[in-house]
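Enquirer: Encoded as structure tokens, here's the structure I'll be asking about.
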Ligand SMILES: NC(=O)C1=CN([C@@H]2O[C@H](COP(=O)(O)OP(=O)(O)OC[C@H]3O[C@@H](n4cnc5c(N)ncnc54)[C@H](O)[C@@H]3O)[C@@H](O)[C@H]2O)C=CC1
Ligand SMILES: O=C(CO)COP(=O)(O)O
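Numbering (the numbering used here), first residue to last: 861 to 1186.
Listed below in structure tokens is the structure:
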């Protein structure tokens, strides 16, 4: 199975590295001409994944039409651009493996719903888990969830993509895999704020625990299964991104906690911190559906409502006591 990768950011490039392992030709579509040139000429993505030597079996292109030669696509654009990029591609009926993490802001759709509308004839799978791109691209081990409603497709993709260092667990819970990855980015911003504000390790762990309760409430309301939310794509990725400045979302939160303005931090960056786009739409859906998500609402208030960290913190800490159950 020849794999194409749509998106030449850090994660698309790392996935191309996995796909090319063992000498398998892999085609990567990138938006930026300089990324295409750097990969083809120097086997490096100096813009988004500098310092990692890439497999020479990866070839980059800026022509989406060339991806017609591939049997399946790993789709790795930022969540808000997935619909428009897919609309420009030669879709056909090839499987799409969605690897981005987010919710479409305008429509409130999960990414498999976006892909289903954009590519009605393509079977859809989702790949998600604790995967900092630079570690995966360097061959360090991790494990991920691959969700496909067609179990034969899930197995076929697992066989094609898995490596000893890239262990794949298969499920049919697409919504569960997507919701974990989308919600954890918002919670990572909150944990970064705790770090930047110097609130301590206890506060961060408490936030991970209560954040996971929010993720679970939201997931269950959308048909996700508890074991998926508690697995690699949910809790696994939540713990990773809430613990390290290697996470762009955590770093964004840290800057906010240190007193910098969210708009200034966001305008400075070339890389994507998906949580900043997911927070408003997630908060909106939670309000509409009556799902209690105080941490997500707090992040949204900071990012889009202009609230101060102290005000938001005060509100969170003065909530009435409640039972620990969901
Ligand atoms: N970096 C990581 O470690 C991981 C990232 N992801 C997810 O993968 C997705 C892509 O993130 P990264 O590869 O990290 O990106 P990145 O932050 O490294 O690079 C930004 C990407 O956005 C693209 N972009 C900017 N404007 C665009 C437009 N108008 N249309 C289409 N694309 C545009 C750029 O071409 C580039 O590929 C995100 O949803 C992210 O949450 C998932 C797992 C790990
Ligand atoms: O999703 C990721 C790791 O699994 C990457 O997290 P950030 O987007 O916060 O860097």
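Cβ coordinates follow ideal geometry from the N, Cα and C atoms, glycine included.
The structure presented is a predicted model; accordingly, all values stated were derived computationally and were not measured.
Can you pull the DSSP bridge partners for residue 1005?
Expert: Answer by DSSP bridge pairing, in chain order: 988, 1029.
Enquirer: Which residue comes first and which comes last in the alpha helix (DSSP H) that contains residue 936?
Expert: Run containing residue 936: none; DSSP gives neither H nor E here.
Enquirer: For residue 1066, count neighbouring C-beta atoms within 10 Å of its own C-beta (all shown protein chains included) and say buried if the count is 16 or more, exposed if not.
Expert: Result: exposed.
Enquirer: Could you give the DSSP three-state label for residue 1068: helix, strand or coil?
Expert: The answer is helix: DSSP assigns residue 1068 an H, G or I state.
Enquirer: Please state the DSSP three-state secondary structure of residue 981.
Expert: Coil, per DSSP.
Enquirer: If I measure Cβ to Cβ from residue 1139 and keep anything under 6 Å in the same chain, skipping five residues before and after, which residues do I get?
Expert: Answer for residue 1139: 1046, 1159, 1160, 1163, listed in chain order.
Enquirer: Please report the residue range of the alpha helix (DSSP H) in which residue 1108 lies.
Expert: Where residue 1108 is concerned, the enclosing alpha helix (DSSP H) stretches over 1108-1117.
Enquirer: Using three-state DSSP, classify residue 919 as helix, strand or coil.
Expert: Reduced to three states, the DSSP call for residue 919 is strand.
Enquirer: On the three-state DSSP scale, how would you describe residue 865?
Expert: Reduced to three states, the DSSP call for residue 865 is strand.
Enquirer: Is residue 972 near ligand 3, in the sense that its beta carbon is under 8 Å from a heavy atom of that ligand?
Expert: Ligand 3 is absent from the structure shown, which contains only ligand 1 and ligand 2.
Enquirer: Assign residue 886 to one of three DSSP states: helix, strand, or coil.
Expert: Reduced to three states, the DSSP call for residue 886 is strand.
Enquirer: At a threshold of 8 Å, does residue 960 count as lining ligand 1 (C-beta to nearest heavy atom)?
Expert: Yes, since a heavy atom of ligand 1 falls inside the 8 Å radius drawn around the Cβ of residue 960.
Enquirer: Decide if residue 1087 is buried, meaning its Cβ has at least 16 other Cβ atoms within 10 Å, or exposed.
Expert: Its Cβ having fewer than 16 others within 10 Å, residue 1087 is exposed.
Enquirer: So residue 958 is in the beta strand (DSSP E); what residue range does that whole segment cover?
Expert: Taken as a continuous stretch (DSSP letters only), the beta strand (DSSP E) holding residue 958 covers 956-958.
Enquirer: Please report how far the alpha carbon of residue 1006 lies from the alpha carbon of residue 1167, in whole angstroms.
Expert: The alpha-carbon atoms of residue 1006 and residue 1167 are separated by roughly 38 Å.
Enquirer: Just to confirm before moving on: does the CB-CB distance between residue 1040 and residue 997 stay below 9 Å?
Expert: No, the pair does not count as a contact, with Cβ atoms beyond the cut-off.
Enquirer: The alpha helix (DSSP H) that contains residue 1045, what's its start and end?
Expert: Where residue 1045 is concerned, the enclosing alpha helix (DSSP H) stretches over 1034-1056.
Enquirer: Among 1011, 943, 1019, which has the Cα closest to the Cα of residue 1033?
Expert: Comparing Cα positions, the closest option is 1011.
Enquirer: Can you have a look at residue 1114 and say buried or exposed, based on whether 16 or more other CB atoms are within 10 angstroms of its CB?
Expert: Flag for residue 1114 reads buried.
Enquirer: Please determine whether the Cβ atom of residue 1134 lies at a distance below 8 Å from any heavy atom of ligand 2.
Expert: Yes, the Cβ of residue 1134 comes within 8 Å of a heavy atom of ligand 2.
Enquirer: What is the rounded straight-line gap between the Cα of residue 937 and the Cα of residue 1019?
Expert: When rounded, the distance between both Cα atoms is 24 Å.
Enquirer: Can you give the Cα-Cα distance for residue 1121 and residue 1133, rounded to whole angstroms?
Expert: When rounded, the distance between both Cα atoms is 15 Å.
Enquirer: Note the first and the last residue of the continuous alpha helix (DSSP H) segment covering residue 1083.
Expert: First-last for residue 1083: undefined, no H or E at that position.
Enquirer: Does ligand 1 have a heavy atom nearer than 8 Å to the CB of residue 1011?
Expert: No.
Enquirer: With DSSP run on the structure shown, which of helix, strand or coil describes residue 891?
Expert: Three-state result, residue 891: coil.
Enquirer: Take residue 942 and list the residues in its own chain whose beta-carbon comes closer than 8 Å to its own, dropping the five residues that flank it on each side.
Expert: Closer than 8 Å at the Cβ level, and outside the excluded window around residue 942, lie 935, 958, 960, 964, 971, 974, 975, 978.
Enquirer: DSSP state of residue 1023, grouped into three classes?
Expert: Three-state DSSP puts residue 1023 in a strand.
Enquirer: Hey, would you say the C-beta of residue 1128 is under 8 Å away from at least one heavy atom of ligand 2?
Expert: No, Cβ of residue 1128 sits at least 8 Å from all heavy atoms of ligand 2.
Enquirer: Could you tell me which residues DSSP pairs with residue 909 in its beta bridges?
Expert: For residue 909, which the question treats as bridged, DSSP gives the partners 905.
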